[in-house]
Amino acid sequence: MPSPPLVLCLSGLDPSGGAGLQADIESIAALGGHALGVVTALTAQDTSNVARVVATDPALLEQQLDLLLRDSPPQAFKLGLLGGAEQLPVILAALRRCPVPVVCDPVLRAGGGTLLHNEAAAQTLRRELFAAVTVLTPNAAEARRLCPGSATLDDCGASLLAAGCGHVLITGGDEPGAKVVNTWYAPGQPPRRYTWPRLPETFHGAGCTLASAIAVLLARGLPVEAALLQAQKWTQQALQRAIRVGQGRRIPGRVPGRSA
Ligand code: PLP
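Going by numbering that gives the first Met the number 0, the first residue of the sequence shown is number 0, and it counts up by one from there.
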């Protein structure tokens with residue numbers, strides 16, 4: 000086992016530094032790991048919304064993954080924004096080659112409203128990727144879009160397990176209510192709910208922060224239950240320390256010692 004544990008991130012690059020690969024790198028470093036960063040897409044965006052997404056050439060991804068998996072095989076993968084169906088065969092081959100936990104944040108729509116994947120792309124992810132996923136972390140809106148036939152969020156959780164995910168954590172930050180309720184679904188166990196105080200604003204990059212925290216804790220060898228709880232606690236603290244870098248939403252304060 001190398002020191003520190005390695006998490007291979009396949010994520011979009013957000014130049015504002017709030018979401019995407021920078022969120023992954025900061026979270027993984029803060030929790031004791033090292034991020035290997037493969038950019039699936041360049042984006043043009045600010046702290047309010049995404050304006051443009053340009054996918055990385057799958058042949059370049061393949062070369063990057065090949066070199067990394069030879070030199071620095073990770074202890075976990077973290078998948079964020081992906082650059083379309085053409086990238087999936089290369090990504091699936093990498094996951095098969097290195098059988099470690101995979102945390103997938105199925106980024107379908109930016110917090111500012113821009114659609115990042117259409118319905119067909121969402122169903123392709125579900126059909127082709129989810130059987131390789133250890134922990135899927137959709138927010139409530141993403142869970143509903145991935146499961147158009149499901150009436151309730153609990154039905155969505157069951158449906159995502161049926162699609163092959165090992166575990167599902169549906170986050171409720173985008174739902175109404177005085178508290179944020181996140182729900183963990185695993186085969187053969189009743190849904191487990193975690194309740195967090197609702198902070199008086201929404202953030203840019205909260206989902207990426209939580210998913211990469213889960214990934215690094217799994218890379219460190221924690222069981223899923225402990226990783227889910229510790230990652231949620233740490234993300235809640237990062238949201239409480241959020242920093243302002245632009246005119247839109249604040250971003251989680253992931254870097255220890257940096258003043259708000
Ligand atoms: N850009 C990238 C590269 C992302 O990965 C994400 C979300 O995961 C976003 C933008 C949107 O982030 P948010 O919805 O928190 O604004």
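We put the beta carbon where it would ideally sit given N, CA and C, even for glycine. Just so we're clear, the structure is a prediction, and the values are computed from it rather than from any experiment.
Does residue i pass the burial test, meaning 16 or more other C-beta atoms within 10 Å, or should it be called exposed?
| i | result |
| --- | --- |
| residue 255 | exposed |
| residue 151 | exposed |
| residue 181 | buried |
| residue 224 | exposed |
| residue 53 | exposed |
| residue 147 | exposed |
| residue 188 | exposed |
| residue 171 | buried |
| residue 2 | exposed |
| residue 11 | buried |
| residue 118 | exposed |
Whole angstroms is fine: what's the gap from residue i's alpha carbon to residue j's?
| i | j | result |
| --- | --- | --- |
| residue 104 | residue 206 | 7 Å |
| residue 159 | residue 219 | 26 Å |
| residue 179 | residue 49 | 25 Å |
| residue 139 | residue 173 | 7 Å |
| residue 231 | residue 198 | 14 Å |
| residue 14 | residue 22 | 11 Å |
| residue 195 | residue 226 | 16 Å |
| residue 99 | residue 132 | 10 Å |
| residue 80 | residue 18 | 10 Å |
| residue 168 | residue 237 | 19 Å |
| residue 39 | residue 72 | 18 Å |
| residue 77 | residue 43 | 22 Å |
| residue 203 | residue 109 | 9 Å |
| residue 31 | residue 252 | 16 Å |
| residue 74 | residue 245 | 34 Å |
| residue 46 | residue 37 | 22 Å |
| residue 57 | residue 128 | 16 Å |
| residue 243 | residue 102 | 27 Å |
| residue 250 | residue 145 | 26 Å |
| residue 33 | residue 157 | 33 Å |
Any heavy atom of the ligand PLP within a distance shorter than 6 Å of the CB on residue i?
| i | result |
| --- | --- |
| residue 116 | no |
| residue 194 | no |
| residue 42 | yes |
| residue 159 | no |
| residue 106 | yes |
| residue 13 | yes |
| residue 203 | yes |
| residue 37 | no |
| residue 283 | The structure shown does not extend to residue 283, since the chain spans only 0 to 259, so no value can be given for it. |
| residue 80 | yes |
| residue 171 | no |
| residue 54 | no |
| residue 112 | no |
| residue 49 | yes |
Against chain B, with Cβ distances strictly below 7 Å, would residue i count as a contact?
| i | result |
| --- | --- |
| residue 126 | In the structure shown, chain B cannot be found, because there is only a single protein chain. |
- Message: For a minimum of 3 consecutive residues, which ranges assigned as the beta strand (DSSP E) are wholly contained in the segment 166 to 249?
- Response: If you keep only unbroken beta strand (DSSP E) runs of at least 3 residues inside the segment 166 to 249, you get 166 to 169, 178 to 184 and 191 to 196.
- Give, in chain order, every unbroken run of the beta strand (DSSP E) that is at least 3 residues long and sits entirely within the segment 83 to 118. 101 to 103, all fully within the segment 83 to 118.
- Item | Residue ranges of each beta strand (DSSP E) within the segment 23 to 58, 3 or longer | Whole beta strand (DSSP E) segments, 3+ residues: 33 to 44 and 49 to 54.
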